[in-house]
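Notes for the one structure printed next.
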Amino acid sequence: MAVAIARTRRDRMRRMANPKRIRTMMRNVSRLGSRLKRSSLAVLIALLGLCAVALAQVKPEVHNDDENIPDAEKPWQESAANLPPYPDLNATRSFYVSPATTLDFAIDPASLSVGKDEVIRYTLVIKSSSGAANVSFEGLRCSTEEYKVYAYGYVRNKKWSPVKNPQWKPVTEVGANRPHAALIGEYFCAQSTRVSDDPKVLLKRLSDTQFQLRRR
């Protein structure tokens, strides 16, 4: 009995060690590996497809950066300055500047405006005691204490001559800048970087006694 069992085991080992059988087993293992690879690849492709569908359904959240920026931090942009009609020199509103000058300084009420850029635009009329007049269309910035001349007016033909490439200039208390210093320091800006958007309020200040007394 023992001899028979041992013989059976030897026969089985011989069959297992048969080269042909070994090659067959290796082919089967290789085929199984290929099937597993193909199956894994198919699963991976399916997962990627699901991810792509999910991403396509997600709408990107759009942020408008300008909406999140406080007004004080937004870059300043100047509005277009359209030339007003030539002023009626007999309908201007005078304002006091300094006892050191005999010139009469006045604003054309019809030209006064405050833009969305907070620039105060107006026609300035400067008259001498002899009746000669200088006319200019200008803008003032309270926040930076600057002024800009957009155009000069010709009294004879009552037409504007636009300034080429006008620039903002600092306002000082010296010479020709005195009327601008008065407008910024005492009338239009009222010692504040914020301005009224109502031209009527600005016009009232020109003739208001308390503003006049500050300049004397």
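Residue numbers (our numbering): 582 to 797. All residues carry an ideal CB built from backbone N, CA and C; glycine is no exception. Given the structure is predicted, the values throughout are model-derived calculations rather than measurements.
For this session: Could you check the C-alpha separation between V782 and E726 for me, to the nearest Å?
Result: Within the sequence shown, residue 782 is the residue found at index 201, counting from 1. Within the sequence shown, residue 726 is the residue found at index 145, counting from 1. Spanning the two alpha carbons is a distance of roughly 20 Å.
Exercise. Among the residues of its own chain, which have a CB less than 8 Å from the CB of S742, if the five just before and after it don't count?
Worked result: In the sequence shown, residue 742 corresponds to position 161, counting from 1. Only A732, Y733, G734 and Y735 meet the Cβ criterion.
Exercise. Is the number of C-beta pairs between the segment 674 to 685 and the segment 760 to 771 that are closer than 8 Å three or more?
Worked result: yes
Exercise. Cβ atoms of I701 and V695: under 7 Å apart, would you say?
Worked result: For this step, residue 695 is matched to residue 114 along the sequence shown. For this step, residue 701 is matched to residue 120 along the sequence shown. Yes, Cβ-Cβ distance for V695 and I701 is below 7 Å.
Exercise. Just the Cα atoms here: how many angstroms apart are G766 and P751?
Worked result: Working through the sequence shown from its first residue, we reach residue 766 at position 185. Working through the sequence shown from its first residue, we reach residue 751 at position 170. Roughly 13 Å separates the two Cα atoms.
Problem set entry | Distance between V744 and S709 (C-alpha atoms, nearest Å) | Looking up residue 709 in the sequence shown gives position 128. Looking up residue 744 in the sequence shown gives position 163. Their backbone Cα atoms lie some 23 Å apart in a straight line.
For this session: Report, in whole angstroms, the separation of the C-beta atoms of P656 and S692, which I expect to be a contact under 8 Å.
Result: As a working note, residue 656 is residue 75 in the sequence shown. As a working note, residue 692 is residue 111 in the sequence shown. That pair is no contact at about 28 Å.
Problem set entry | Cβ neighbours of D698 in the same chain (closer than 6 Å, five flanking residues each side left out) | Locating residue 698 in the sequence shown gives position 117, where the first residue counts as 1. Contacts found: E659 and S660.
Problem set entry | Limits of the unbroken beta strand (DSSP E) element including S788 | Here the question's residue 788 lines up with position 207 in the sequence shown. S788 -> not in any beta strand (DSSP E); alpha helix (DSSP H) instead, spanning P780 to S788.
Exercise. Which one of P690, Y667, L705 and P668 has the shortest CA to CA distance from L684?
Worked result: Along the sequence shown, one-based indexing puts residue 684 at 103. Cα-wise, what sits closest to L684 is L705.
Exercise. How many angstroms separate the CA atom of P747 from the CA atom of N663?
Worked result: For this step, residue 747 is matched to residue 166 along the sequence shown. For this step, residue 663 is matched to residue 82 along the sequence shown. Their Cα atoms are separated by approximately 13 Å.
Exercise. What is the rounded straight-line gap between the Cα of L764 and the Cα of S717?
Worked result: Residue numbering aside, residue 764 sits at position 183 when the sequence shown is read from its first letter. Residue numbering aside, residue 717 sits at position 136 when the sequence shown is read from its first letter. Cα-Cα distance, rounded: 15 Å.
Problem set entry | Nonlocal neighbours in the same chain, by C-beta distance under 8 Å from P668, ignoring five residues either side | Stepping through the sequence shown from its first residue, residue 668 is reached at position 87. Counting only Cβ-Cβ distances below 8 Å, and skipping sequence neighbours, we find D689, A691, S692, T704, V706, V716 and G734.
Exercise. Nearest to A681 by alpha carbon, out of V755, G720, L787 and G712?
Worked result: As a first step, residue 681 is located in the sequence shown; it is residue number 100 there, counting from the start. If we check each option's Cα against that of A681, V755 comes out closest.
For this session: Name the two residues that bound the continuous beta strand (DSSP E) containing P743.
Result: By 1-based counting over the sequence shown, the position of residue 743 is 162. Element bounds for P743: K740 to P743.
Exercise. Quick one: what's got a C-beta closer than 8 Å to P780's C-beta in the same chain, skipping five residues either side?
Worked result: Your numbering for residue 780 matches position 199 in the sequence shown. Non-local C-beta neighbours of P780 in its own chain, meaning closer than 8 Å and more than five positions away in sequence, comprise P690, L693, S694 and V695, ordered along the chain.
For this session: Could you please give the first and the last residue of the uninterrupted alpha helix (DSSP H) stretch that includes A762?
Result: Position 181 of the sequence shown, counting from 1, holds the residue named residue 762. That run of the alpha helix (DSSP H) goes R759 to A763.
Problem set entry | Cut-off 8 Å between Cβ atoms - residues of its own chain near K740, not counting five sequence neighbours on either side | Locating residue 740 in the sequence shown gives position 159, counting from the first residue. Y667 and G734, listed in sequence order.
Exercise. On the three-state DSSP scale, how would you describe Y677?
Worked result: The sequence position of residue 677 within the sequence shown is 96, counting from 1. The answer is coil: DSSP assigns Y677 none of H, G, I, E or B.
Exercise. With 16 as the cutoff for other CB atoms within 10 Å, does R737 come out buried or exposed?
Worked result: Start at 1 with the first residue of the sequence shown, and residue 737 comes out as number 156. By the neighbour-count criterion, in which a residue is buried when 16 or more other Cβ atoms sit within 10 angstroms of its Cβ, R737 is exposed.
Exercise. Cα separation between K729 and R722?
Worked result: Locating residue 729 in the sequence shown gives position 148, counting from the first residue. Locating residue 722 in the sequence shown gives position 141, counting from the first residue. One C-alpha to the other measures close to 9 Å.
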